[in-house]
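K.L.:
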Amino acid sequence: MIPALLITCTAVGSICGGAAAASFFIALGARISGRSCGRHRFASVCLLLSAVVVCAAVSVITLPAEFQFTLSGSWRVYYGALFAFGAVLSCFYRIAVPLAASAYVVFALVCLLFLYSRFGAPRQELKVAVSADVLAAGGVTFRMESESPYRYAVVNVYTLNPALLLPLRRTWCRFAGFSDVRDFGAGDESSGDSRSGFGNLLCADKVTYYIEIPVADVASALYVVTYGVSGGELTYSLNRVL
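Numbering-wise (full-length UniProt numbering), the sequence shown opens with residue 1 and increments by one.
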């Protein structure tokens, strides 16, 4: 799996490289034809090439020594498209740059609203009511049908797709349901937690975590589970209130 930082640096470098190449050929064509294209073209080539060097340096410095960088066909198409996009921005910068910047801001805001509407705040609180054979929380009721002594609250942690280059929080978590076994499909089955097509575009990976809920030693009990994501991992606390 390609690290997110490498994807971001390579993507930014591809855009800058495409823009630098286009600016260079525009300046070269103007020089050959005797036209004046202004000093800004030469300055932009130097600036963009500096950005490419910085992106490459950051990638090399931060990558682990054992990592082997290989590109599949889809990634080659992705970076090639970004290179072409950078060239278009350079050729038609008066129109393309404002349009691209506006579209990027609108897309980022739409994604942010979607993520908060689907996953909520970074840290959430869940009240879990436990009885002998039933768990209930967040509108989800789970009846124990097996003789397993374990009960789990299932939380899915999603990772934002780094290829989208969005300046948003990388990981998001959501309560998925309950289970009595550590089965990767249990959470989805108990609450119908399926991603939409847009959600599949935004989220590149999902990891399921199981928070063990103690068996009630009386007729019923109430627990408060506070959970969130820190450093890409789920963190939580479990407290009994009744």
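Here a beta-carbon is modelled for each residue, glycine too, at the ideal position from N, C-alpha and C.
May I ask you to verify whether the region 27-36 touches the region 97-117, counting CB pairs closer than 8 Å and requiring at least 3?
P.N.:
no
K.L.:
Which partner residues of Gly177 appear in the DSSP bridge assignment?
P.N.:
Along the sequence shown, read from residue 1 onward, the residue named residue 177 stands at position 177. Its beta-bridge partners are Val154.
K.L.:
DSSP state of Val134, grouped into three classes?
P.N.:
Residue numbering aside, residue 134 sits at position 134 when the sequence shown is read from its first letter. Note: Val134 maps to strand in three-state DSSP.
K.L.:
Would Ala19 and Leu82 be called neighbours here (beta carbons separated by less than 8 Å)?
P.N.:
As a position in the sequence shown, residue 19 is number 19, starting the count at 1. As a position in the sequence shown, residue 82 is number 82, starting the count at 1. Contact: no.
K.L.:
Could you pull the start and end residues of the alpha helix (DSSP H) that Phe92 belongs to?
P.N.:
Translated into positions along the sequence shown, residue 92 becomes position 92. For Phe92, there is no enclosing alpha helix (DSSP H), as DSSP marks it with neither H nor E.
K.L.:
Exposed or buried, residue 288, counting other C-beta atoms within 10 Å across all chains shown (16 or more means buried)?
P.N.:
Lying outside 1 to 242, the shown extent of the chain, residue 288 is not represented and no answer is given.
K.L.:
Residue range of the beta strand (DSSP E) that Ile211 falls in?
P.N.:
Numbered from its first residue, the sequence shown carries residue 211 at position 211. Run containing Ile211: 203-212, per the beta strand (DSSP E) assignment.
K.L.:
So is Gly17 buried or exposed if we call it buried at 16+ other beta carbons inside 10 Å?
P.N.:
Counted from its first residue, the sequence shown places residue 17 at position 17. Gly17 comes out buried.
K.L.:
Classify residue 255 as buried or exposed, calling it buried when 16 or more other Cβ atoms lie within 10 Å of its own Cβ.
P.N.:
No answer is possible for residue 255: the residues shown for the chain start at 1 and end at 242.
K.L.:
Could you spell out where the alpha helix (DSSP H) holding Leu28 opens and where it closes?
P.N.:
Residue 28 sits at position 28 when you count from the first residue of the sequence shown. 4-33 is the extent of the alpha helix (DSSP H) around Leu28.
K.L.:
Does DSSP classify Arg169 as helix, strand or coil?
P.N.:
Residue numbering aside, residue 169 sits at position 169 when the sequence shown is read from its first letter. Here Arg169 sits in coil by DSSP.
K.L.:
Assuming Val154 and Gly120 form a contact by the criterion Cβ under 8 Å, report the distance between their Cβ atoms to the nearest whole angstrom.
P.N.:
Taking the sequence shown and counting its residues from 1, one reaches residue 154 at position 154. Taking the sequence shown and counting its residues from 1, one reaches residue 120 at position 120. Contact flag wrong, Cβ pair sits at about 16 Å.
K.L.:
In the structure shown, what three-state DSSP assignment does Leu113 receive?
P.N.:
Within the sequence shown, the letter at position 113 stands for residue 113. Here Leu113 sits in helix by DSSP.
K.L.:
Should Cys173 be labelled buried (16 or more other beta-carbon atoms within 10 Å of its own) or exposed?
P.N.:
For the purposes of this step, residue 173 is identified with residue 173 of the sequence shown, where counting begins at 1. Buried, since its Cβ has 16 or more Cβ neighbours within 10 Å.
K.L.:
Whose C-alpha, out of Val157, Arg143, Thr8, Ile15, is nearest the C-alpha of Phe85?
P.N.:
Mapped onto the sequence shown, residue 85 falls at position 85. Closest option to Phe85, Cα to Cα, is Ile15.
K.L.:
Alpha carbon to alpha carbon, what distance is there between Ala101 and Val88?
P.N.:
As a first step, residue 88 is located in the sequence shown; it is residue number 88 there, counting from the start. As a first step, residue 101 is located in the sequence shown; it is residue number 101 there, counting from the start. Approximately 13 Å, taken between the alpha carbons.
K.L.:
Please state whether the Cβ-Cβ distance between Pro162 and Ala204 is less than 8 Å.
P.N.:
Counted from its first residue, the sequence shown places residue 162 at position 162. Counted from its first residue, the sequence shown places residue 204 at position 204. Taking 8 Å as the Cβ cut-off, Pro162 and Ala204 qualify as a contacting pair.
K.L.:
For Leu238, which of Pro214, Ala43, Gly231 has the nearest alpha-carbon?
P.N.:
The residue labelled residue 238 in the question sits at position 238 within the sequence shown. For the residues Pro214, Ala43, Gly231, the minimum Cα distance to Leu238 belongs to Pro214.
K.L.:
Tell me which same chain residues have a C-beta within less than 7 Å of the C-beta of Leu49, skipping the five on either side of it?
P.N.:
Against the sequence shown, residue 49 aligns to sequence position 49. Cβ within range, chain order: Ala20.
K.L.:
In terms of residue numbering, what span does the beta strand (DSSP E) encompassing Arg240 cover?
P.N.:
Reading the sequence shown from its first residue, position 240 is the one you call residue 240. From DSSP, the beta strand (DSSP E) with Arg240 extends over 233-240.
K.L.:
Under 7 Å: does the beta carbon of Ala84 sit that close to some heavy atom of the ligand MG?
P.N.:
Because no ligand of any kind appears in the structure shown, any question about the ligand MG cannot be addressed here.
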